[in-house]
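J.: Got a structure for you, questions after.
Number of protein chains: 2
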Amino acid sequence: MVSTPVSITARCPIRTTLELVGGKWRLLILHQLRGGALRFGELRRLLPDISEKMLVQELRHLTDAGLLVRHNFGEVPPRVEYELTEAGRFALPLVEAVASFGQQYQRAVVSHERPDLTQA
Amino acid sequence: MVSTPVSITARCPIRTTLELVGGKWRLLILHQLRGGALRFGELRRLLPDISEKMLVQELRHLTDAGLLVRHNFGEVPPRVEYELTEAGRFALPLVEAVASFGQQYQRAVVSHERPDLTQA
DNA sequence: ACCATTTCTTACCTGTAAGTCAGTACCTGC
DNA sequence: GCAGGTACTGACTTACAGGTAAGAAATGGT
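Top line first, the protein sequences correspond to chains A and B. Its first residue numbered 1, the first sequence is counted upward by one per residue in full-length UniProt numbering. Its first residue numbered 1, the second sequence is counted upward by one per residue in full-length UniProt numbering.
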């Protein structure tokens, strides 16, 4: 053993977050689940323009990441629910921050035509 | 005038934010500029694995969005600085939230192998 | 017998994000 | 007089996010 090969990578936390919840849909899914568990079909109705394929795929990603739990009731026709885990609920303040920044920016853009954001 | 055609779109604030600062690089750029203006070359050095093309492109996007100002000193060799605007500084808490969530998640992942995040 | 419902898979395709690389213009230092 | 730094631009290419559409499996209703 010549040198110490411990975790060279020293992951950037911003990149970590982007890998977890980056992309077009994940924050929106987490946001919809803020109030409690939802069935697959309910999520699809709440996110009108997501394709089924993407919804399945993103739900699976979030579940693998430990932010969601999947409840399969084993019934037929299928009945499945998704719910935030403890870690998932931990992401809610982040979702809130994203939403609130978007709101402020929108307001600033309608009042002036270039964002100012000086006044809350 | 039969109906009132005012702004059907009612933009989702989360989507707005994603369009503004979504993607692989924009949050990282904003983060680097948190302490004040930086030259193009300094940013390139601070973000080792961004390509010059992407850096130019993303700086331009953020400038067009009103989050950055570009200072061209008109010297030769070229000397250009980028700085957060008021609106850009408004995004810093968001960047912080993203970074801190990533940190918590990382810590949770190293201790258990599935994120828990119960203990701060 | 047939159709609808529900969650999910699979194959295929498109568009855009991102990367590579070369070149430009002007000056300084050697 | 040529290499080197500086902030770009543009052409070309690759990778991947995302969309479309079809179908599977099991059951209940008519």
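A virtual CB, placed ideally from N, CA and C, is assigned to each residue, including glycine. What you are looking at is a predicted structure, and each value in this text was computed from that prediction instead of being measured.
(1) Could you check whether A97 of chain A and L94 of chain B sit closer than 9 Å to each other, using their CB atoms as the reference points?
(2) Can you list the residues of chain A that Q32 of chain B reaches, using a CB-CB cut of under 8 Å?
(3) Could you give the DSSP three-state label for R107 of chain A: helix, strand or coil?
(4) If we count the other Cβ atoms within 10 Å of its Cβ and call it buried at 16 or more, is A37 of chain A buried or exposed?
(5) Does the distance from the CB of R39 of chain A to the CB of R70 of chain A come in under 9 Å?
(6) Just list the beta strand (DSSP E) runs in the region 27–90 of chain B, keeping only unbroken ones of 3 residues or longer that don't cross its boundaries, in chain order.
(7) Give me, in chain order, the residues of the same chain whose beta-carbon lies closer than 8 Å to that of P5 of chain A; leave out the 5 immediate sequence neighbours on both sides.
(8) Please identify the residue among A:R26, A:E19, A:L28, A:W25 whose C-alpha is closest to the C-alpha of K24 of chain B.
(9) Just reading off the alpha helix (DSSP H) that R15 of chain A is part of, what are its end residues?
(10) If the cut is a Cβ gap below 7 Å, which residues of chain B does P93 of chain A touch?
(11) Looking at chain B, is there any beta carbon in it that lies within less than 9 Å of the beta carbon of I53 of chain A?
(12) With a threshold of 9 Å between beta-carbons, can S100 of chain B be considered close to chain A, or not?
(13) Taking its Cβ as the centre, do 16 or more other Cβ atoms sit within 10 Å of F73 of chain A, making it buried, or is it exposed?
(14) How would you list, in chain order, the residues of chain A whose beta-carbon sits under 7 Å from the beta-carbon of L28 of chain B?
(15) CA-CA distance, P77 of chain A and E58 of chain A?
(16) Just how far apart, CA to CA, sit E52 of chain A and E42 of chain A?
(17) Does the separation of the CB atoms of L47 of chain B and L33 of chain B fall below 9 Å?
(18) At least one CB of chain A closer than 9 Å to the CB of L46 of chain B: is that the case?
(19) Might you give, ordered along the chain, the residues of its own chain that have their beta carbon closer than 7 Å to the beta carbon of T85 of chain B, omitting 5 neighbours on each side?
(20) Report yes if the C-beta distance between G102 of chain B and R60 of chain A is below 9 Å; otherwise report no.
T.: Let me lay it out:
(1) yes
(2) Within 8 Å Cβ-Cβ: nothing; Q32 of chain B doesn't reach chain A, min ~10 Å.
(3) helix
(4) exposed
(5) Annotated as distal: R39 of chain A and R70 of chain A, with beta-carbon spacing of 9 Å or more.
(6) 68–72, 80–84
(7) Because P5 of chain A sits at a pLDDT of 42, beneath the cut-off of 50, its placement in the model cannot be relied upon, and the following sentence gives the value as read from the coordinates. Hits under 8 Å: none found.
(8) A:E19
(9) 13–21
(10) A97
(11) Correcting the residue identity first, residue 53 of chain A is Lys in this sequence and not Ile. It does not: the Cβ of K53 of chain A has no partner Cβ on chain B nearer than 9 Å.
(12) At least one CB atom of chain A sits nearer than 9 Å to the CB of S100 of chain B.
(13) F73 of chain A should be labelled exposed.
(14) Correct list: I14.
(15) 22 Å
(16) Whole-angstrom Cα-Cα distance: 12 Å.
(17) no
(18) Interface residue (Cβ-Cβ distance to chain A less than 9 Å): L46 of chain B is not classified as such.
(19) G66, L67, L68, V69
(20) no
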